[in-house]
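Undergrad: Structure below; questions to follow.
Residue numbers (my numbering): 16 to 203.
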């Protein structure tokens, strides 16, 4: 459902999605200029508007940031995925092998997917999944994503122990993590 809201005296359009699976409210700004608010069951539209107003500075900054990507070649289309998935898989395997030289990460399989909202994930079965667009990121950020998922093989949470493990491999992960947030969801 298309909606409009006034933020900092600007009328901003957004798409309101209702989701039975969502557990919390979520905002996403994409490089094509679209702004999506996802609303869990039991939430009212007025609650969504209040949430957007609370996050107004974030929304405006992301909309401004992603203007530079509007109309770019970075799209979430299947053809682009097919062209790059093998290279992305080879890259992920190479980096995992590199990080595993000094660590003993035991994993089941590695796969590359065309994901809209995630750079990577790790399943309880030890399967590592990466977004094929990891190839488009600067090397240090791609390495952080790979190490982050590898560390979940030993600590399947985001506890202090998990972050200590990440910092042993990538000491400057905090800055890289912040930088990754600016890359945000240019995934769309």
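Beta carbons are placed, not taken as given, at the ideal position from N, Cα and C, and that holds for glycine. Nothing here was measured: the structure is a model prediction, and the numbers come from that model.
1. Which term fits residue 173, buried or exposed, when burial requires 16 or more other beta carbons within 10 angstroms of its beta carbon?
2. Which residues in the same chain as residue 127 place their Cβ atom closer than 6 Å to its Cβ, once the five residues preceding and following it in sequence are excluded?
3. Can you grab the Cα-Cα spacing for the pair residue 94 / residue 67, in whole Å?
4. Would you call the stretch 176-195 and the stretch 58-75 in contact, with 3 or more CB pairs under 8 Å?
5. Mind checking residue 171: buried by the 16 CB within 10 Å criterion, or exposed?
6. Just to confirm the assignment: which complete beta strand (DSSP E) runs, minimum length 3, are found wholly within the stretch 125-174?
7. Return the residue from the list 76, 35, 40 that minimises the CA-CA distance to residue 56.
8. So, at 6 Å on beta carbons, what are the nonlocal neighbours of residue 28 in its own chain, with the 5 sequence-adjacent residues on each side left out?
9. Tell me which residues share the same chain as residue 120 and place their Cβ nearer than 6 Å to its Cβ, disregarding the 5 neighbours each side in the sequence.
10. With which residues is residue 50 paired in a DSSP beta bridge?
11. By the three-class DSSP mapping on this structure, what secondary structure does residue 196 have?
12. Report back the beta-carbon spacing between residue 160 and residue 141 to the nearest angstrom; my notes put them in contact at under 8 Å.
13. How many angstroms separate the CA atom of residue 180 from the CA atom of residue 106?
14. Rounded to whole angstroms, what is the Cα-Cα separation between residue 163 and residue 197?
15. Buried or exposed: which applies to residue 187, given that a residue is buried once 16 or more other Cβ atoms fall within 10 Å of its Cβ?
16. Do residue 33 and residue 54 have their beta-carbon atoms positioned less than 7 Å apart in this structure?
17. Please classify residue 25: does DSSP put it in a helix, a strand, or coil?
18. With DSSP collapsed to three states, give me the class of residue 188.
TA: According to the structure data:
1. Here residue 173 is exposed, its C-beta having fewer than 16 other C-beta atoms within 10 Å.
2. Beyond the five residues adjoining it in sequence on each side, residue 127 comes within less than 6 Å, by CB distance, of 100, 103, 104, 145, 147 in the same chain, given in chain order.
3. CA-to-CA, the gap between residue 94 and residue 67 works out to about 34 Å.
4. Counting Cβ pairs under 8 Å, fewer than three are found: no touch.
5. Answer is exposed; the Cβ neighbour count stays below 16.
6. Runs of the beta strand (DSSP E) inside the stretch 125-174: 125-128, 135-137, 143-146.
7. With distances taken between Cα atoms, residue 56 lies closest to 35.
8. Excluding sequence positions up to five before and after residue 28, its CB lies within less than 6 Å of the CB of 19, all in the same chain and listed in chain order.
9. 165, 168.
10. 44, per the DSSP bridge assignment.
11. Residue state for residue 196 is assigned as helix, using DSSP reduced to three classes.
12. A Cβ-Cβ separation of about 17 Å leaves residue 160 out of contact with residue 141 under the 8 Å criterion.
13. Roughly 22 Å between the two C-alpha positions.
14. One Cα belongs to residue 163, the other to residue 197, and the distance between them is close to 17 Å.
15. Burial check for residue 187: the Cβ neighbour count within 10 Å stays below 16, so the residue is exposed.
16. A contact, by the Cβ cut-off of 7 Å.
17. The answer is strand: DSSP assigns residue 25 an E or B state.
18. Residue 188: helix per DSSP, three-state reduction.
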